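First up is the structure itself, then whatever we jot down about it.
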Amino acid sequence: PEWKKAGEFTDIIYEKAEGIAKITINRPEVRNAFRPQTVRDMEAALADARDDEDVGVVILTGAGELAFCSGGDQKVRGTGGYVGQDGVPRLNVLDFQRQIRTCPKPVIAMVAGWCVGGGHVLHMMCDLTIAAENAKFGQTGPRVGSFDGGWGASYMARIVGQKKAREIWFLCRFYDAKEALEMGLVNTVVPLEDLEAETVQWCREILANSPLAIRCLKAALNADCDGQSGLQELAGNATLLYYMTDEGREGKNAFLEKRRPDFTKFKRLP
Ligand code: 1HA
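At position 76 of the sequence shown the residue is numbered 69 (my numbering), and the sequence of numbers has no breaks.
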């Protein structure tokens, strides 16, 4: 596709084409590790992609062929989190995880090279993962003094099973793309040179399908794991659809016309 720049950022590249928004973490000198500003940039881009009615799917990736993302930037790790220019320690990637999870449009991780630590959790949060043959996956937390006990643990176990999740976290090994595919951690593995073309093909197939159906399915699959916040998402879609019906509109119209609502004409389906 002919990617067009869609915003000015320091730590990411943000582009759009053909109904696809692409967010590229652009810190290859640190294997695309994120600092607070990187997370802020990703949050702004994803918010834009969500709001843009022409965008139906989002790609999250890393610049270069060596890494998707190597997690939190250990060079700016302070006491209590990763420190930005304001001197405040933050774990704001957790907010971005929630944002990917609740984005009503599919987010696809496009992974070449290292995908580790907090970067590995980001790919797990994405709805789909397309991996290049050179991709390497793993958690490093217990080796570098960190852990993600949120979705990073529980959702991982939903994806790969309890035994494998404990192995990944307790041993901190790295796994190649083939092993990741066998575990169900990624959707497909392709040669590095085909990575973007394949990912875009998956995007096009999604874009050809009903956006509301996909939106409701993402919320439904989330709801199975996410408790009351998952139900809120799913129910929000029910409300959205109800607002589109004549029955839903009758209530609003009656209020505005200062009359009693007349719901008698609406069928009570079995
Ligand atoms: O666990 C959490 C969180 C939990 C809860 C809530 C929030 C969280 C937020 C974040 C995280 C975490 O992400 S903890 C895990 C942090 N990440 C890591 O432990 C990975 C560290 N990196 C590596 O293990 C390796 O660098 C690598 C396997 C990704 C790549 O190895 P390679 O290809 O041998 O390259 P290497 O020479 O190690 O790295 C190239 C350059 O990139 C080095 O810089 P240089 O020596 O040239 O100045 C290296 O320091 C830098 N670099 C790589 N990863 C990071 C990094 N610099 C800062 N932070 C990094 N994560």
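For every residue, glycine included, the Cβ atom is placed at its ideal position computed from N, Cα and C. In this text, all values refer to a predicted model and were calculated from it rather than measured experimentally.
Judged by DSSP in its simplified three-state form, M117 adopts helix. For the options G106, G80, M117 and R253, the alpha carbon positioned closest to that of L87 is the one of M117. Nearest to I13 by C-alpha distance, out of G55, P99 and L214, is P99.
Relative to the Cα of A102, the nearest Cα in the group T133, F140, V182 and G73 belongs to V182. G64 has its CB nearer than 7 Å to a heavy atom of the ligand 1HA. In this structure, DSSP gives K260 a state outside helix and strand, which the three-state scheme calls coil. Proximity to T54 across G74, R261, N85 and A125 peaks at A125, based on C-alpha coordinates. Within a 10 Å sphere around the beta-carbon of E240 sit fewer than 16 other beta-carbons, which makes this residue exposed.
Of the candidates F163, Y148 and H113, the residue whose Cα lies closest to the Cα of P135 is F163. In the structure shown, the three-state DSSP call for C209 is helix. Taking a cut-off of 8 Å for Cβ pairs, the stretch 194 to 205 and the stretch 151 to 166 do not touch, as fewer than three such pairs fall below it. A straight line joining the alpha-carbon of R151 with that of V179 spans about 13 Å.
With respect to the 8 Å criterion, K129 and W107 are classified as neighbours on the basis of their beta carbons. Under the DSSP assignment, C96 falls outside any alpha helix (DSSP H); it carries neither an H nor an E label.
In the DSSP assignment, L188 falls within the unbroken alpha helix (DSSP H) covering L188 to L200. In terms of CA proximity to E58, P21 leads the group E1, P21, G244 and Y235. Annotation for L174: V182 place their beta carbon closer than 6 Å to its own, counting only its chain and skipping 5 residues before and after. Membership of A60 in the beta strand (DSSP E) is indicated by the continuous run A60 to C62. Minimum Cα-Cα distance from D120 among the listed residues V32, Q92 and F140 corresponds to Q92. Scanning the stretch 32 to 76 from its first residue to its last, the whole beta strand (DSSP E) runs of 3-plus residues come out as 50 to 55, 60 to 62 and 74 to 76.
The Cβ neighbour count for T133, taken over all protein chains shown within 10 Å, is at least 16; the residue is labelled buried.
Contact between T192 and I18 is ruled out by a C-beta separation of about 15 Å, above the 8 Å threshold. When beta bridges are read from the DSSP output, E8 appears opposite K(-2) and K15.
In the structure shown, T122 falls within a strand segment according to DSSP collapsed to helix, strand and coil. Spatial neighbours of K(-2) in its own chain (CB-CB distance under 8 Å, excluding positions within 5 residues in sequence) are listed in chain order as I6, Y7 and E8. For N85 against V48, the beta-carbon gap comes to about 23 Å, at or over 8 Å, which does not count as contact.
Secondary structure at M103: strand, using DSSP grouped into helix, strand and coil.
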